[in-house]
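Q: Sharing a structure, written as structure tokens. Questions coming.
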Amino acid sequence: MKKSHIFIICLFCVFFALSGCSKKPSQTKEDVIPVRVMKITSRDIQKTLDYVGDIRAEEQAIVYPRASGKIVEKLKEDGSAVNKGDIIAYIDRDEVGFDFEKLPVESFLAGIVGRVYVDKGAYVTPQTPVALVVKMDNVEIGLDIPEKYLPNVFPGQTAEIGVDAYPEEVFIGKVTKISPIVDLDTRTAPIEISVSNKDYRLGPGMFARVKLIIKERKNVPVVLQEAIVSEKCNPYVYVVKENISYRRDVKLGLRKGPYYEVTEGLTEGDVVVIMGQQLLTDGTQVLIEETGNTY
Numbered sequence: 000m001k002k003s004h005i006f007i008i009c010l011f012c013v014f015f016a017l018s019g020c021s022k023k024p025s026q027t028k029e030d031v032i033p034v035r036v037m038k039i040t041s042r043d044i045q046k047t048l049d050y051v052g053d054i055r056a057e058e059q060a061i062v063y064p065r066a067s068g069k070i071v072e073k074l075k076e077d078g079s080a081v082n083k084g085d086i087i088a089y090i091d092r093d094e095v096g097f098d099f100e101k102l103p104v105e106s107f108l109a110g111i112v113g114r115v116y117v118d119k120g121a122y123v124t125p126q127t128p129v130a131l132v133v134k135m136d137n138v139e140i141g142l143d144i145p146e147k148y149l150p151n152v153f154p155g156q157t158a159e160i161g162v163d164a165y166p167e168e169v170f171i172g173k174v175t176k177i178s179p180i181v182d183l184d185t186r187t188a189p190i191e192i193s194v195s196n197k198d199y200r201l202g203p204g205m206f207a208r209v210k211l212i213i214k215e216r217k218n219v220p221v222v223l224q225e226a227i228v229s230e231k232c233n234p235y236v237y238v239v240k241e242n243i244s245y246r247r248d249v250k251l252g253l254r255k256g257p258y259y260e261v262t263e264g265l266t267e268g269d270v271v272v273i274m275g276q277q278l279l280t281d282g283t284q285v286l287i288e289e290t291g292n293t294y
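Position one of the sequence shown corresponds to residue 0 (numbering that gives the first Met the number 0), numbered consecutively onward.
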């Protein structure tokens, strides 16, 4: 064998020997995905029909005088309490050639004087409104309900009432009347909601936001809308256990605001991803970031 051939063979041997001793490159670890999460809790949730309406008094009446004359005395002012038969004002029927006693203008309704329309010295006739008297221990709200929702409305049904004067407070009312007649033009039927108003905080004329509760679930698991991913109309979430994400199919029920009732797939205490789930697959390692009260 020629020396040149022997030299080439030796070079190949050295190359393979060195290749066998070199370390294989290490595999790249899967990236850790930062996520935000929430813990599943139980709460009450309702399905509501939302409307707006005006608050009106349970009863109200405009008081008129029985005869013409001049207001010579006012006994009641706006906000005064009155009983049936109480005198609101006196009229002087003084006419030439006649001598009349003062004529009382009386309330024929017990309640509150909402407005006195006349001042002392004003001349009034039987067509002149003197005062508005309202009975407002209970107030009412009238709504027009589309006919498709009428099967969901029934006497005694609970309604939540909100007004601008008390933005943080919810007043509770009940459906008291449902008209059996549907308007041909609007395809709606009027209903009436009554609200207890012993402290007179709800004034006639106030604008009210009304939520009619048509379905309610008590103490059920709920999940934020942000946690839900949908694939071909099949919702799912990612549950985190020991910093690993797992896909979990869910079934949803009622919705109220940003929350959905979970009827299948999650239980109270499960931790689900609410931000970052677009980068996840089943078995992805995650890094949980603090999210305030949601975790």
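Where is the CB? At the ideal position from N, CA and C, for every residue including glycine.
The model shown is predicted, which means the values in this text are computed figures rather than measured ones.
#1: Quick check: what's the CA-CA separation for residue 61 versus residue 93?
#2: Are the CB atoms of residue 90 and residue 123 within a distance shorter than 8 angstroms?
#3: Secondary structure at residue 146, three-state DSSP: helix, strand or coil?
#4: Pull up the DSSP beta-bridge partners for residue 33, would you.
#5: Does the beta carbon of residue 282 sit closer than 8 angstroms to a beta carbon anywhere in chain D?
#6: Kindly indicate which residue of 114, 127, 166 has the alpha-carbon position closest to the one of residue 66.
#7: Tell me the DSSP secondary structure of residue 74 in three-state form.
#8: Output yes or no for whether 8 angstroms exceeds the beta carbon distance between residue 88 and residue 74.
#9: Here's a check: name, in chain order, each residue in its chain whose Cβ is nearer than 7 angstroms to the Cβ of residue 193, leaving out the five neighbours to either side.
#10: Going by C-alpha distance, which of 44, 47, 213 is nearest residue 151?
#11: By a C-beta neighbour count over all protein chains shown, 10 Å radius and 16 as the cutoff for buried, is residue 257 buried or exposed?
#12: Pull up the DSSP beta-bridge partners for residue 113, would you.
#13: Quick one: Cα of residue 197 to Cα of residue 135, how far?
#14: What's the C-alpha gap between residue 276 and residue 246?
#15: Run the CB neighbour count on residue 158, radius 10 Å, all protein chains shown included, and call it buried at 16 or more, exposed below.
#16: How is the beta strand (DSSP E) around residue 189 delimited, first residue to last?
#17: Using a Cβ-Cβ cut-off of 6 angstroms (strictly less than) and excluding sequence neighbours within five positions of residue 274, which residues of its own chain qualify?
A: Judging by the given coordinates:
#1: Along the sequence shown, one-based indexing puts residue 61 at 62. Along the sequence shown, one-based indexing puts residue 93 at 94. Looking at the two C-alpha atoms, the distance is approximately 25 angstroms.
#2: Taking the sequence shown and counting its residues from 1, one reaches residue 123 at position 124. Taking the sequence shown and counting its residues from 1, one reaches residue 90 at position 91. Yes, the Cβ-Cβ distance between residue 123 and residue 90 is below 8 angstroms.
#3: Taking the sequence shown and counting its residues from 1, the one referred to as residue 146 is at position 147. If DSSP states are grouped into helix, strand and coil, residue 146 belongs with the helices.
#4: The residue you call residue 33 lines up with position 34 of the sequence shown. Paired residue(s): 286.
#5: In summary, chain D is missing from the structure at hand, where a single protein chain is found.
#6: Working through the sequence shown from its first residue, we reach residue 66 at position 67. It is 127 whose Cα lies nearest to the Cα of residue 66.
#7: As a working mapping, residue 74 is identified with position 75 in the sequence shown. In the structure shown, residue 74 sits in coil (DSSP, three-state: anything other than H, G, I, E or B).
#8: Position 89 of the sequence shown, counting from 1, holds the residue named residue 88. Position 75 of the sequence shown, counting from 1, holds the residue named residue 74. Closer than 8 angstroms, so yes.
#9: Here residue 193 corresponds to residue number 194 of the sequence shown, with the count starting at 1. Once the five neighbours on either side are set aside, the close Cβ partners of residue 193 are 137, 139, 172, 173, 175.
#10: For the purposes of this step, residue 151 is taken as residue 152 along the sequence shown, with counting starting at 1. For residue 151, the nearest C-alpha among the options comes from 213.
#11: Here residue 257 refers to the residue found at position 258 of the sequence shown. That one is exposed.
#12: Sequence index remark: in the sequence shown, residue 113 carries index 114 (1-based). In the DSSP output, where bridge partners are listed per residue, residue 113 has none listed.
#13: Along the sequence shown, read from residue 1 onward, the residue named residue 197 stands at position 198. Along the sequence shown, read from residue 1 onward, the residue named residue 135 stands at position 136. Their backbone Cα atoms lie some 8 angstroms apart in a straight line.
#14: On the sequence shown, residue 276 is found 277 positions in, with the first residue counted as 1. On the sequence shown, residue 246 is found 247 positions in, with the first residue counted as 1. Near 10 angstroms, if we compare the C-alpha coordinates of residue 246 and residue 276.
#15: In the sequence shown, the residue the question calls residue 158 occupies position 159. By the neighbour-count rule (16 or more Cβ atoms within 10 Å), residue 158 is buried.
#16: Residue 189 sits at position 190 when you count from the first residue of the sequence shown. That run of the beta strand (DSSP E) goes 187 to 195.
#17: Here residue 274 refers to the residue found at position 275 when the sequence shown is read from its first residue. Taking C-beta separations shorter than 6 angstroms and ignoring five residues to either side along the sequence, the partners of residue 274 in its chain run 35, following chain order.
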